[in-house]
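J.:
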Amino acid sequence: TARNPGESEFHQAVDEVFESLGPVVARHPDLLDSAIVERICEPERQIIFRVPWMDDQGQVHINRGFRVEFNSALGPYKGGLRFHPSVYLGIVKFLGFEQIFKNALTGMPIGGGKGGSDFDPSGRSDAEIMRFCQSFMTELYRHIGEYTDVPAGDIGVGGREIGYLFGQYKRITNRYESGVLTGKGLSWGGSLVRTEATGYGAVMFAEEMLKTRGLDLEGRDVIVSGSGNVAIYAIERAQSLGAKALTASDSSGYVVDSNGIDLELLKQVKEVERARISEYAERRGSSARFVSDGSVWDVPGTVALPCATQNELNGRQAKTLLENGILAVAEGANMPCTTEAVRRFQESDVLFAPGKAANAGGVATSALEMQQNASRDSWSFDYTQQRLREIMRGIHDRCAETAEEFGMPGNYVAGANIAGFLKVARAMVAQGII
Ligand code: NDP
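For full-length UniProt numbering, add 12 to where a residue sits in the sequence shown, where the first one is 1.
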């Protein structure tokens, strides 16, 4: 805490991992010899930079850009860029720290990093977004590369932003380096399934967890938060398996639709028009209503998929979900459940999947995009989805087996933390004190 003052989200993420590591340290005391715990908490490199840009009225704005290159033991730094006014170093470090273990769990050769800016894209024109992205990349380009650091999207950074960032990288470096960013458009080096991967992957993980109790998603009421990239494709996948996704939300409130979310309408409102979620309820008719106060977690269902942002589901809301008969929670977002909420779920024997396992499908498919770029190839939707399915099953089984091996059967939090940590720690030890 003294070393990283005021970075509460980072402290929370580190605490959560370290709470799981007692039995690991007892079994592998050698890992402590080279200060592995201290080293793993200290980013290899942290870059903070000025991002000046001009709005459509000619006024100049200054934002702060970040890239935290956290750990390269397993491969080039890999992790998204977030554009949101809440971004500061503590958020970027929490996300980068989580990313190390998540990327290790995928089994792909990628290290951990994260970046972003406190820029608020809401209400900005395309031209403003482009100027901001170009300015951001004018500094970032020095630090990234196919073999160094490969950013992607996150909150506020989707296909449009990746396009502007890639264009500026290419212009500055005069290199068509496809593998420098992931989440690219399909005609210029992107991968099929990348857009869907995080949401689909979270539902695949939920399916695997339910299977351990002889259950599935068919006919279940699913409560989803968020209405961005992760939420939309989590809803799509859950509905394709016969579940009814009842809700979607954004920072202005949530909608509950008793007929199940109309995916085409949601995509039109959110992906095409970039409008507020209340617009969905206005157009949907009598089955849907918009709620601006209260919480999406008040809506009864048996599976919950928090897919918006960190700490969006607290202990009190977990209690409500439990009273309503929740069976499984899979984190589509990063750290959406507070420590207290996780504790309540685990004490009540709810199947609980932490984000670093459940939402790893996005980064795993980014690694598949890198593979396609490296071989100048592009794979079919079905083949790529099959790879994603195998990867998610692999992550599930690795977490479950590790939890079992360390005497905590069914504890996916411990399983994910221990399996991810051991893989990274062993690689760091092998590579010496660097
Ligand atoms: P998007 O920007 O596409 O969507 C984010 C959604 O969450 C929006 O509905 C947004 O509403 C809502 N939201 C964001 N911040 C807040 C807030 N402070 N309070 C309430 N609602 C909020 O982002 P993604 O869907 O890509 O990301 C969602 C989560 O998933 C994040 O935690 C991200 O780190 C994680 N994730 C994403 C991956 C990906 O591949 N995209 C991969 C792995 C994890 P509004 O528009 O009103 O802000």
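Backbone N, C-alpha and C fix where the C-beta goes; we use that ideal spot for every residue, glycine too. As the structure is a prediction and not an experimental result, all values here were calculated from the model.
Tell me whether Thr118 counts as near the ligand NDP, meaning its Cβ is closer than 8 Å to at least one heavy atom of that ligand.
T.: Along the sequence shown, read from residue 1 onward, the residue named residue 118 stands at position 106. Because no heavy atom of the ligand NDP lies under 8 Å away, the Cβ of Thr118 does not count as near it: no.
J.: With DSSP as the reference, label Pro88 as helix, strand or coil.
T.: By 1-based counting over the sequence shown, the position of residue 88 is 76. Three-state DSSP puts Pro88 in coil, outside helix and strand.
J.: What does the alpha-carbon distance come out to for the pair Ala164 and Ser378?
T.: Looking up residue 164 in the sequence shown gives position 152. Looking up residue 378 in the sequence shown gives position 366. Rounded to the nearest angstrom, the two C-alpha atoms are 8 Å apart.
J.: For Pro55, count neighbouring Cβ atoms within 10 angstroms of its own Cβ and tell me buried if that reaches 16, exposed if not.
T.: Stepping through the sequence shown from its first residue, residue 55 is reached at position 43. Flag for Pro55 reads buried.
J.: Just to confirm my understanding: we take Tyr100, look at its own chain, exclude 5 residues before and 5 after, and list those with CB closer than 7 Å. What are they?
T.: As a first step, residue 100 is located in the sequence shown; it is residue number 88 there, counting from the start. Cβ within range, chain order: Asp130.
J.: State the Cα-Cα distance for the pair Thr314 and Phe364, rounded to the nearest angstrom.
T.: For the purposes of this step, residue 314 is taken as the residue at position 302 of the sequence shown. For the purposes of this step, residue 364 is taken as the residue at position 352 of the sequence shown. About 12 Å.
J.: Assuming Ala428 and Pro366 are in contact, meaning their beta carbons sit under 8 Å apart, how far apart are those beta carbons, in whole angstroms?
T.: Residue mapping note: residue 428 aligns to position 416 of the sequence shown, counting from 1. Residue mapping note: residue 366 aligns to position 354 of the sequence shown, counting from 1. With a Cβ gap of about 5 Å, Ala428 and Pro366 count as contacting.
J.: Got a sec? Which residues, its chain only, sit under 6 Å from Ile60 by beta carbon, not counting five neighbours each side?
T.: Numbered from its first residue, the sequence shown carries residue 60 at position 48. Closer than 6 Å at Cβ, skipping near neighbours: Phe78.
J.: Are the Cβ atoms of Leu193 and Thr396 separated by less than 9 Å?
T.: Here residue 193 is taken as the residue at index 181 of the sequence shown, counted from 1. Here residue 396 is taken as the residue at index 384 of the sequence shown, counted from 1. Going by C-beta atoms, Leu193 is not nearer than 9 Å to Thr396.
J.: Would you identify the three-state DSSP class for Glu276, choosing helix, strand or coil?
T.: By 1-based counting over the sequence shown, the position of residue 276 is 264. Glu276: helix per DSSP, three-state reduction.
J.: Measuring straight from C-alpha to C-alpha, what distance separates Lys69 and Ser263?
T.: As a position in the sequence shown, residue 69 is number 57, starting the count at 1. As a position in the sequence shown, residue 263 is number 251, starting the count at 1. This sequence places Gln at residue 69; Lys is not what is there. For Gln69 and Ser263, the distance between alpha carbons rounds to 27 Å.
J.: Hey, Ala300 and Val354: beta-carbon distance below 9 Å or not?
T.: The residue you call residue 300 lines up with position 288 of the sequence shown. The residue you call residue 354 lines up with position 342 of the sequence shown. No, they are not a contact pair.
J.: Within the segment 279 to 316, note down every full alpha helix (DSSP H) run reaching 4 residues or more, in order along the chain.
T.: 290 to 296, all fully within the segment 279 to 316.
J.: Could you tell me whether any non-hydrogen atom of the ligand NDP is closer than 8 Å to the CB of Lys223?
T.: Walking along the sequence shown from the start, residue 223 turns up at place 211. Checking the Cβ of Lys223 against the ligand NDP gives no.
J.: Does the beta carbon of Val193 fall short of 8 Å from some heavy atom of the ligand NDP?
T.: Looking up residue 193 in the sequence shown gives position 181. Strictly speaking, residue 193 in this sequence is Leu, with Val absent from that position. No, the ligand NDP has no heavy atom inside 8 Å of this Cβ.
J.: Cβ of Cys319 within 8 Å of any heavy atom in the ligand ATP?
T.: Ligands displayed in this structure: the ligand NDP; the ligand ATP is not among them.
J.: Could you check what DSSP says for Val80 in three-state terms: helix, strand or coil?
T.: Residue 80 sits at position 68 when you count from the first residue of the sequence shown. Three-state DSSP puts Val80 in a strand.
J.: Let me know if Gly337 comes out buried or exposed under the rule of 16 or more other beta-carbons within 10 Å of its beta-carbon.
T.: Translated into positions along the sequence shown, residue 337 becomes position 325. Exposed, by the Cβ-count rule.
J.: Should Pro348 be listed as close to the ligand NDP, given that the test is whether its C-beta is under 8 Å from any heavy atom?
T.: Here residue 348 is taken as the residue at index 336 of the sequence shown, counted from 1. Flag set: Cβ of Pro348 near the ligand NDP.
J.: For Lys435, is the beta carbon positioned less than 8 Å from some heavy atom of the ligand NDP?
T.: The residue you call residue 435 lines up with position 423 of the sequence shown. Result no, Cβ not under 8 Å from the ligand NDP.
J.: Give me the DSSP bridge partner(s) of Ser237.
T.: Residue 237 sits at position 225 when you count from the first residue of the sequence shown. Pro318.
J.: My guess is that Glu21 and Ile103 are in contact by the Cβ rule of under 8 Å, so how many angstroms apart are they, rounded?
T.: Numbered from 1 along the sequence shown, position 9 holds the residue referred to as residue 21. Numbered from 1 along the sequence shown, position 91 holds the residue referred to as residue 103. With 8 Å as the limit, Glu21 and Ile103 qualify as a contact, their Cβ atoms being about 5 Å apart.
J.: Based on the DSSP secondary-structure assignment, which residues constitute the bridge partners of Cys349?
T.: Position 337 of the sequence shown, counted from the first residue, corresponds to residue 349. Bridge partners of Cys349: Leu325.
J.: Rounded to whole angstroms, what is the Cα-Cα separation between Pro41 and Glu324?
T.: What you label residue 41 is simply residue 29 of the sequence shown in a count that begins at 1. What you label residue 324 is simply residue 312 of the sequence shown in a count that begins at 1. Pro41 and Glu324: Cα-Cα distance of roughly 36 Å.
J.: Whose C-alpha, out of Glu110, Ser98, Ile48, is nearest the C-alpha of Val375?
T.: Start at 1 with the first residue of the sequence shown, and residue 375 comes out as number 363. Nearest C-alpha to Val375: Glu110.
J.: Output yes or no for whether 9 Å exceeds the beta carbon distance between Pro88 and Ile122.
T.: For the purposes of this step, residue 88 is identified with residue 76 of the sequence shown, where counting begins at 1. For the purposes of this step, residue 122 is identified with residue 110 of the sequence shown, where counting begins at 1. Yes, Cβ-Cβ distance for Pro88 and Ile122 is below 9 Å.
J.: Using the beta-carbon count (16 or more within 10 Å), is Leu229 buried or exposed?
T.: The residue labelled residue 229 in the question sits at position 217 within the sequence shown. Buried.
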